[in-house]
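*Asks:* Line by line, the protein sequences are chains A and B.
In this text, residue positions in the first sequence follow the numbering used here: the first is 5, and each later residue adds one.
In this text, residue positions in the second sequence follow the numbering used here: the first is 5, and each later residue adds one.
Every residue, glycine too, gets a C-beta built ideally from N, C-alpha and C.
2 protein chains.
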Amino acid sequence: MEITLTRINEDVLFEGVTPEGLAVKIDGSDGIGGTGAGPRPMQVFLMSMSACSSIDVVTILKKMRQEITTFEVHVKGDRVDTVPKVFHTITLHFKIGGDVKEEKARQAIEMSLTKYCSVSKMLMEAIDVNYELTIL
Amino acid sequence: MEITLTRINEDVLFEGVTPEGLAVKIDGSDGIGGTGAGPRPMQVFLMSMSACSSIDVVTILKKMRQEITTFEVHVKGDRVDTVPKVFHTITLHFKIGGDVKEEKARQAIEMSLTKYCSVSKMLMEAIDVNYELTIL
Numbered sequence: 005m006e007i008t009l010t011r012i013n014e015d016v017l018f019e020g021v022t023p024e025g026l027a028v029k030i031d032g033s034d035g036i037g038g039t040g041a042g043p044r045p046m047q048v049f050l051m052s053m054s055a056c057s058s059i060d061v062v063t064i065l066k067k068m069r070q071e072i073t074t075f076e077v078h079v080k081g082d083r084v085d086t087v088p089k090v091f092h093t094i095t096l097h098f099k100i101g102g103d104v105k106e107e108k109a110r111q112a113i114e115m116s117l118t119k120y121c122s123v124s125k126m127l128m129e130a131i132d133v134n135y136e137l138t139i140l
Numbered sequence: 005m006e007i008t009l010t011r012i013n014e015d016v017l018f019e020g021v022t023p024e025g026l027a028v029k030i031d032g033s034d035g036i037g038g039t040g041a042g043p044r045p046m047q048v049f050l051m052s053m054s055a056c057s058s059i060d061v062v063t064i065l066k067k068m069r070q071e072i073t074t075f076e077v078h079v080k081g082d083r084v085d086t087v088p089k090v091f092h093t094i095t096l097h098f099k100i101g102g103d104v105k106e107e108k109a110r111q112a113i114e115m116s117l118t119k120y121c122s123v124s125k126m127l128m129e130a131i132d133v134n135y136e137l138t139i140l
C-alpha cells in the first residue's frame, strides 16, 4: 500500500494522495506556521482509527442482519503532557440508530477492537482504547 | 482532542470532521461495499504518520536555516498476510529539494522518528519504520 505526501505551501500544509488520486490535506498547528487549511495529523489518526473500526462494525452488524439507519462515532483522544504528545487513552462513543440490538452491537465493536481493526492493532499496548455505546 | 465520524451512505463511506469543520472522507474496500469515494483507513493512517513526521522535519530544517524549496514523501506500508493486516514495515522516502545539506536532513528525520512524531511513537515496537532520503 502506498501514498504520496507533498508540501503544498511554504509552511507545514501537506496533501496526501493515493494512487487512485484521492487527496487529504493535513496542516500543522498555528504555532509552527499552520493555517487551519486541514486537520492536524493526530486528528487524522483518530479519523483513520475510528473509520477502520466503524467499517468492521457496520459489516459485522450487516452479517448479523441488524438494520442500521444512522451511524456516528464521537472520538476523543487524551494526550500525555510531554513531547511526544501521544494519546494515553482513546474513547470511541458509538451512536447507532435503527433496529439494532445492543448486545449485538457490543459484540461487533469488541470483535473489531480486539481482532479485526488493523489501525488499533498497530498501537502500543500501553494505549488504552475503550468505547461507549448508545443505541438511538 | 476530538473528532466526529459519520456514515454518509448506506454502505461503508464515512466522513470524519474536526471541531473546526475540516472534513475527510474515508471508504472501505470494494469487497464490502466501498465505492472508492475516499481513501482507505490504512492509507489515511500512512498520511497521518508521514504528515506528522514531515511537519517535524520541515520545522527542524527551518531552525537549522536550510532552504527547502520542495518537499515530497513516498510512503510504503507492507502488510502481513493474515487479518488484522497490520503493517510490518513502513518506509518513508523523503525527497527534499533546495539548499539542504544531506547530513542535516538525516538528523531532522531521525529526530522526528525517534523523538518527536506522536503518530510513530504510538506504534508497537514490532513495526519497522525506516526511511530513505534523496536531496534533489
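1) Could you work out which residue in A:Gln47, A:Ile64 and A:Ser57 is closest to Ala55 of chain B when comparing CA atoms only?
2) Is Glu24 of chain A close to chain B? Criterion is C-beta to C-beta, closer than 9 Å.
3) Excluding five sequence neighbours on each side, which residues of the same chain lie with their C-beta closer than 6 Å to the C-beta of Leu50 of chain A?
4) Determine, using beta carbons only, whether Leu3 of chain B comes closer than 9 Å to chain A.
5) Applying a beta-carbon distance threshold of less than 8 Å, which residues of chain A neighbour Ile36 of chain B?
6) Could you tell me whether any Cβ in chain A is nearer than 9 Å to the Cβ of Met68 of chain B?
7) Would you call the region 12-24 of chain B and the region 56-69 of chain B in contact, with 3 or more CB pairs under 8 Å?
8) Which runs of the beta strand (DSSP E) fall wholly inside the region 26-107 of chain B and span at least 3 residues, in chain order?
9) Going by alpha carbons, who is nearest to Asn13 of chain B out of A:Met68, A:Gly38, A:Ile72 and A:Ile36?
10) Taking three-plus beta-carbon pairs below 8 Å as touching, is the region 110-125 of chain B in contact with the region 82-94 of chain A?
11) Is Pro43 of chain B closer than 9 Å to Thr22 of chain A when the C-beta atoms are compared?
12) Under 8 Å by Cβ, that's how I've got Gly37 of chain B and Glu24 of chain A pegged, so tell me the actual separation to the nearest angstrom.
13) I want to verify the contact list: residues of chain B whose CB lies under 7 Å from the CB of Leu137 of chain A, in sequence order.
14) Based on the DSSP output, what are the partners of Ala17 of chain A in its beta bridges?
15) I want to see whether chain B comes within less than 9 Å of Ala55 of chain A, judged by CB atoms only; does it?
16) Residues in the same chain with beta-carbon distance under 6 Å from Gly32 of chain B, minus the five sequence neighbours each way, listed in chain order, please.
17) May I have the straight-line CA-CA distance separating Glu106 of chain A from Ile113 of chain B, to the nearest angstrom?
18) Give me the Cβ distance between Glu129 of chain B and Leu9 of chain A, rounded to the nearest whole Å; I'm assuming they're in contact under 8 Å.
19) Output the boundary residues of the beta strand (DSSP E) element that contains Ile12 of chain A.
20) Could you confirm whether any beta carbon from chain A is found closer than 9 Å to the beta carbon of Val123 of chain B?
21) Going straight from the alpha carbon of Leu178 of chain A to that of Lys99 of chain A, what length do you get?
22) Specify the secondary structure class of Glu114 of chain B as computed by DSSP and reduced to three states.
23) Verify the CB distance criterion: does Glu114 of chain A have a CB-CB separation below 9 Å to chain B?
24) Any beta carbon of chain D sitting closer than 9 Å to that of Lys89 of chain A?
25) Answer yes or no: does any C-beta atom of chain B fall closer than 9 Å to that of Arg11 of chain A?
26) With a cut-off of 9 Å, does the C-beta of Val77 of chain B fall near any C-beta of chain A?
27) List the endpoints of the continuous alpha helix (DSSP H) containing Lys125 of chain B.
*Replies:* Based on what the coordinates show:
1) Locating residue 55 of chain B in the second sequence gives position 51, counting from the first residue. Of the listed residues, the one whose Cα sits closest to Ala55 of chain B is A:Gln47.
2) Within the first sequence, the letter at position 20 stands for residue 24 of chain A. It does: the Cβ of Glu24 of chain A has a partner Cβ on chain B nearer than 9 Å.
3) For this step, residue 50 of chain A is matched to residue 46 along the first sequence. Once the five neighbours on either side are set aside, the close Cβ partners of Leu50 of chain A are Val79 and Gly81.
4) Any question about residue 3 of chain B goes unanswered here, given that chain B covers just 5 to 140.
5) Position 32 of the second sequence, counted from the first residue, corresponds to residue 36 of chain B. Those are Ile59 and Thr63, listed as they occur along chain A.
6) By 1-based counting over the second sequence, the position of residue 68 of chain B is 64. Taking Cβ atoms only, chain A never reaches closer than 9 Å to Met68 of chain B, which makes this a no.
7) no
8) 27-31, 71-83 and 91-103
9) Here the question's residue 13 of chain B lines up with position 9 in the second sequence. The candidate whose alpha carbon is nearest that of Asn13 of chain B is A:Ile72.
10) yes
11) By one-based count along the first sequence, residue 22 of chain A stands at place 18. By one-based count along the second sequence, residue 43 of chain B stands at place 39. Against a cut-off of 9 Å, the Cβ pair of Pro43 of chain B and Thr22 of chain A comes out as a contact.
12) In the second sequence, counting from the first residue as 1, residue 37 of chain B sits at position 33. In the first sequence, counting from the first residue as 1, residue 24 of chain A sits at position 20. Incorrect: roughly 17 Å between the Cβ atoms, too far for contact.
13) Within the first sequence, numbered from 1, the residue matching residue 137 of chain A stands at position 133. Simply none; closest approach about 14 Å.
14) Sequence index remark: in the first sequence, residue 17 of chain A carries index 13 (1-based). What sits at residue 17 of chain A in the sequence shown is Leu, not Ala. DSSP lists A:Asp31 as partners of Leu17 of chain A.
15) The residue labelled residue 55 of chain A in the question sits at position 51 within the first sequence. It does; some Cβ of chain B falls within 9 Å.
16) As a first step, residue 32 of chain B must be located in the second sequence, where it is residue number 28. Only Val16 and Gly38 meet the Cβ criterion.
17) On the first sequence, position 102 is the one that residue 106 of chain A refers to. On the second sequence, position 109 is the one that residue 113 of chain B refers to. Rounded to the nearest angstrom, the two C-alpha atoms are 46 Å apart.
18) To locate residue 129 of chain B, count along the second sequence from 1; it is residue 125. To locate residue 9 of chain A, count along the first sequence from 1; it is residue 5. Not really, about 24 Å apart at Cβ, beyond 8 Å.
19) By 1-based counting over the first sequence, the position of residue 12 of chain A is 8. Element bounds for Ile12 of chain A: n/a, residue is neither H nor E.
20) Counting from one through the second sequence, the residue named residue 123 of chain B turns up at place 119. Val123 of chain B counts as touching chain A.
21) Not covered by the structure: residue 178 of chain A. The range shown for chain A is 5 to 140.
22) Stepping through the second sequence from its first residue, residue 114 of chain B is reached at position 110. Here Glu114 of chain B sits in helix by DSSP.
23) Reading the first sequence from its first residue, position 110 is the one you call residue 114 of chain A. No, because no Cβ of chain B sits closer than 9 Å to the Cβ of Glu114 of chain A.
24) Absent here is chain D; the protein component of the structure consists of chains A and B.
25) By 1-based counting over the first sequence, the position of residue 11 of chain A is 7. It does; some Cβ of chain B falls within 9 Å.
26) As a working note, residue 77 of chain B is residue 73 in the second sequence. Yes, contact with chain A.
27) Translated into positions along the second sequence, residue 125 of chain B becomes position 121. Lys125 of chain B -> alpha helix (DSSP H) spans Ser122 to Lys125.
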